[in-house]
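Asks:
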Amino acid sequence: MMFLHEHVSTTVGCSSISMLQKQGFQTWPSPSCSCYQDRFRVRPLPWQPSYKHAEKPLKAMEIFSQMPLQPNEYIYASVITACASLSALVQGKQVHAHSLKSGYKYISFVSNSLLSMYMKCGLFDDAFSIFSNISAPNSVAYNAMITGFAENLQPEKGLELFKLMNQKGLQPDRFSFVAVLGISCNKEDLEAGRSLHCQTIKLGLDSSAFVGNVLMTIYSKCGSIGSVESAFWSIKEKDVISWNTFIVACSHFGDHAKALMVYREMENACDIHPDDFTLSGVLTACAELASIRHGRQIHTHLIRSKPNLDIGVCNALINMYAKCGAIELALRLFHSMPNRNLVSYNTMIMGLGNHGRGQTALEIFKQMKTWGFSPDSITFIGVLTACSHAGLVDAGLIYFDSMKETYGISPQLEHLSCLVDMLGRAGRLEVAERYIEMFPFGNDLIIWGSLLSSCRLHKNVVVGERVAKRLLELQPTVSSPYILLSNLYASNGRWNDVAEARKMLKGSGVKKEPGHSMIEIEGGTVKFTIGDFSHKRIEEVKEILGTLNFQAEEFNLQVSSSF
16 MMFLHEHVST TVGCSSISML QKQGFQTWPS PSCSCYQDRF RVRPLPWQPS YKHAEKPLKA
76 MEIFSQMPLQ PNEYIYASVI TACASLSALV QGKQVHAHSL KSGYKYISFV SNSLLSMYMK
136 CGLFDDAFSI FSNISAPNSV AYNAMITGFA ENLQPEKGLE LFKLMNQKGL QPDRFSFVAV
196 LGISCNKEDL EAGRSLHCQT IKLGLDSSAF VGNVLMTIYS KCGSIGSVES AFWSIKEKDV
256 ISWNTFIVAC SHFGDHAKAL MVYREMENAC DIHPDDFTLS GVLTACAELA SIRHGRQIHT
316 HLIRSKPNLD IGVCNALINM YAKCGAIELA LRLFHSMPNR NLVSYNTMIM GLGNHGRGQT
376 ALEIFKQMKT WGFSPDSITF IGVLTACSHA GLVDAGLIYF DSMKETYGIS PQLEHLSCLV
436 DMLGRAGRLE VAERYIEMFP FGNDLIIWGS LLSSCRLHKN VVVGERVAKR LLELQPTVSS
496 PYILLSNLYA SNGRWNDVAE ARKMLKGSGV KKEPGHSMIE IEGGTVKFTI GDFSHKRIEE
556 VKEILGTLNF QAEEFNLQVS SSF
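For what it's worth, the working numbering labels the leading residue of the sequence shown as 16, then goes sequentially.
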């Protein structure tokens, strides 16, 4: 089929098509219909954008190719946009050539659409050539170029054009700021983001959700929860993306209780309804708080309101139940899912592994491969965790070695950490030490610290001394190697060495960080540190502890007397 007719008329009409479009018809009159013969121009043709907005750019191109009419600038712009959305470069170039022949070279509607198309297709030189030939580029042309450079990982050129745009006296609009804010976000350039934020405030653009949502994303990546919250409340008409971004930001900064509060406020907002992203975000917060009460409430609401749950929401529910200790509920939900993806399997394997259900986790892993899913890096973290917690050492070693050999996945620090933990639990300390030495990222404090703890557990002084020496070489300003080594000597009754280790700690000038415990109270976290009596309810705490100690002593006496 010829993409362009060589013979086109100069008349354009579409009132009947517009009527059909408004009535929801999906069939269109033939181009030969008499309604096309009315000699008047309209801007733009209603049917062209309708197909584009209905995600039917291909149909828009087909109709364009069958037009027995002379297109105007609005039709050219629409069909070029359709070509861009399909990355149909060949057809786009044909339309470009046809527009040049028709005399639309300097019409902004056409040139701006061409800029976007060439940028989306990665032809920067062609796009810049068109841009350079525009005598007075408007803000739309600048926005197309800036967005194109941002999307094609050339942020510096995008920023240069933004500066040029300001120098030319053109006032940036919300599209300009969203493009450059996106660049700052990807670069994690907080100072640039703040500077742009100030400009949006001056222009009154920060109050729109379109700009405000991007500002929140920047502060989520490299700012603070306070900045995210400030940007959120500046938005006058918040959309669901605004709420979702705020909820995810709260969890990102560790304030999961606040994420639940924001969700409740969102539910009270009359014109906003949570979507699947909202539910996934708030269920993640429930999981991190181990708040099964809130998670069950959300699940119950979903059962009543949404019979067919999104796969992402199901995965979040599985994760929530697993982290809250309800592994059977997680497993039941997993088996009830009509469709699963790789995340579903990874989440279930990890959950089972953390609950010591290693055999079941490995069965899920085998089932995953049977259904055609290829494991990824995260899958093997779950598998190795399952093997570690269930004592399946030989199976764990086989899976670790198969990562590279069978699946082409290079083990990373997380996998090595799981392996060392597994071997350490089993007392195979020399094997763990050899594996650590095999990898370039083996000089990790956490991995060596884990191995030293295992040495203490199994009272292996020989390996323990070597590991402690390595730890002290890596970071002599940390107290934990001295403490662990001292405890290792103590477990073997080597009191002279205990004294020597403590002397070394004192001589190093390193102070031991005081131990602490954390508990959850009404959705909040409270920290108790050794020697710190500053808590406002410390007297009540001491009274309860005294009661518990008394009860424990009584129990011990009863047990002793029974023997």
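Note that the Cβ used here is the ideal one computed from N, Cα and C, for glycine as well.
So does Pro72 have its beta carbon nearer than 8 Å to some heavy atom of the ligand ADP?
Replies: This structure lacks the ligand ADP; in fact it carries no ligand of any kind.
Asks: Can you say whether Asn323 is buried or exposed, counting buried as having 16 or more other CB atoms within 10 angstroms of its CB?
Replies: Under this definition Asn323 is an exposed residue.
Asks: Look at the Cβ atom of Ala405, then the Cβ atom of Gln427, and state whether they are nearer than 9 Å.
Replies: For Ala405 and Gln427, no; Cβs fall outside 9 Å.
Asks: Among the candidates Glu480, Ser351 and Gly457, whose CA atom is the shortest distance from the CA of Ser468?
Replies: The candidate whose alpha carbon is nearest that of Ser468 is Glu480.
Asks: Just checking my contact of Glu88 with Phe143 at CB under 8 Å: how many whole Å lie between their CB atoms?
Replies: So it is not a contact: roughly 22 Å between Cβ atoms.
Asks: Span of the alpha helix (DSSP H) holding Ala194?
Replies: First-last of the alpha helix (DSSP H) with Ala194: Arg189 to Lys202.
Asks: Could you give the distance in angstroms between the alpha-carbon of Asp436 and the alpha-carbon of Gly340?
Replies: Each residue's Cα considered, the two are about 22 Å apart.
Asks: Measuring straight from C-alpha to C-alpha, what distance separates Val11 and Ala99?
Replies: Because the chain is modelled from 16 through 578, residue 11 falls outside the range shown and cannot be assessed.
Asks: What's the C-alpha gap between Lys74 and Asn153?
Replies: Their Cα atoms are separated by approximately 30 Å.
Asks: Would Leu367 and Ala401 be called neighbours here (beta carbons separated by less than 9 Å)?
Replies: In contact: Leu367 and Ala401 (Cβ atoms closer than 9 Å).
Asks: Any chance the region 160–175 sits against the region 183–200, with 3 or more Cβ pairs inside 8 Å?
Replies: Contact holds: three or more Cβ-Cβ distances are below 8 Å.
Asks: Hey, quick one: how far does the alpha helix (DSSP H) through Gly227 stretch, first residue to last?
Replies: Where Gly227 is concerned, the enclosing alpha helix (DSSP H) stretches over Ala224 to Cys237.
Asks: With distances taken Cα to Cα, identify the nearest neighbour of Ser257 among Lys542, Gln85, Leu431 and Ile233.
Replies: Measuring from the Cα of Ser257, the nearest candidate turns out to be Ile233.
Asks: Distance check for Asn201 and Leu129, CA to CA, integer angstroms please.
Replies: Roughly 26 Å separates the two Cα atoms.
Asks: Would you kindly report the start and end of the unbroken alpha helix (DSSP H) that includes Pro170?
Replies: Pro170 to Gln182 is the extent of the alpha helix (DSSP H) around Pro170.
Asks: Could you check which residue in Ala345, Ile326 and Gly327 has the C-alpha nearest to that of Ile333?
Replies: When each option's Cα is compared against that of Ile333, the closest is Ala345.
Asks: Return helix, strand or coil for Trp258, following the three-state DSSP convention.
Replies: Of the three classes helix, strand and coil, the one that applies to Trp258 here is helix, per DSSP.
Asks: Under 9 Å between the Cβ atoms of Phe388 and Leu399?
Replies: No; because the gap between Cβ atoms is not below 9 Å, this pair is not in contact.
Asks: For Ser11, collect the residues of the same chain with a Cβ closer than 8 Å to its Cβ; drop the 5 residues on either side in sequence, then sort them by chain order.
Replies: Look at the range of the chain in this structure, 16 to 578, and you will see that residue 11 is not part of it.
Asks: Can you tell me where the alpha helix (DSSP H) with Ser306 in it begins and where it stops?
Replies: Premise fails: Ser306 is in no alpha helix (DSSP H) and is neither H nor E.
Asks: Quick check on the DSSP output: the alpha helix (DSSP H) that includes Phe146 runs from which residue to which?
Replies: Counting along the chain, the alpha helix (DSSP H) containing Phe146 begins and ends at Phe139 to Ser147.
Asks: Under DSSP, the alpha helix (DSSP H) around His111 begins and ends at which residues?
Replies: Element bounds for His111: Leu104 to Lys116.
Asks: Let me know if Asp221 comes out buried or exposed under the rule of 16 or more other beta-carbons within 10 Å of its beta-carbon.
Replies: Counting Cβ neighbours within 10 Å, Asp221 comes out buried, since at least 16 surround it.
Asks: Under the three-state reduction of DSSP, which class applies to Ile553: helix, strand or coil?
Replies: Three-state DSSP puts Ile553 in a helix.
Asks: Taking all protein chains shown into account, decide if Val556 is buried (16 or more other Cβ within 10 angstroms of its Cβ) or exposed.
Replies: It counts as exposed.
Asks: Determine the DSSP secondary structure at Ala264, reduced to helix, strand or coil.
Replies: Looking at Ala264 - three-state DSSP - the assignment turns out to be helix.
Asks: Could you tell me if Trp463 is buried or exposed, where buried requires 16 or more neighbouring beta carbons within 10 angstroms of its beta carbon?
Replies: Burial call: buried.
Asks: Do the region 293–312 and the region 345–360 make contact, defined as three or more Cβ pairs closer than 8 Å?
Replies: Because the criterion of three Cβ pairs below 8 Å is not met, the region 293–312 and the region 345–360 do not touch.
Asks: Cutting at 7 Å between CB atoms, please list the residues of its own chain near Val193, excluding the five before and the five after it.
Replies: Closer than 7 Å at Cβ, skipping near neighbours: Phe225, Val226 and Val229.
Asks: Can you tell me which of the three DSSP states Ser389 falls into?
Replies: It is coil, neither helix nor strand.
Asks: Do Ala274 and Ala300 have their beta-carbon atoms positioned less than 9 Å apart in this structure?
Replies: Their beta carbons are under 9 Å apart, which means Ala300 touches Ala274 by this criterion.
Asks: When the distance is taken between beta carbons, is Met365 closer than 9 Å to Ala410?
Replies: Their beta carbons are not under 9 Å apart, which means Ala410 does not touch Met365 by this criterion.
Asks: Output yes or no for whether 9 Å exceeds the beta carbon distance between Asn158 and Asp204.
Replies: No, these two residues do not count as a Cβ contact at 9 Å.
Asks: Alpha helix (DSSP H) containing Glu280: first to last residue?
Replies: Here the alpha helix (DSSP H) through Glu280 covers His271 to Asn283.
Asks: Less than 9 Å between the beta carbons of Gln186 and Leu218, yes or no?
Replies: In contact: Gln186 and Leu218 (Cβ atoms closer than 9 Å).
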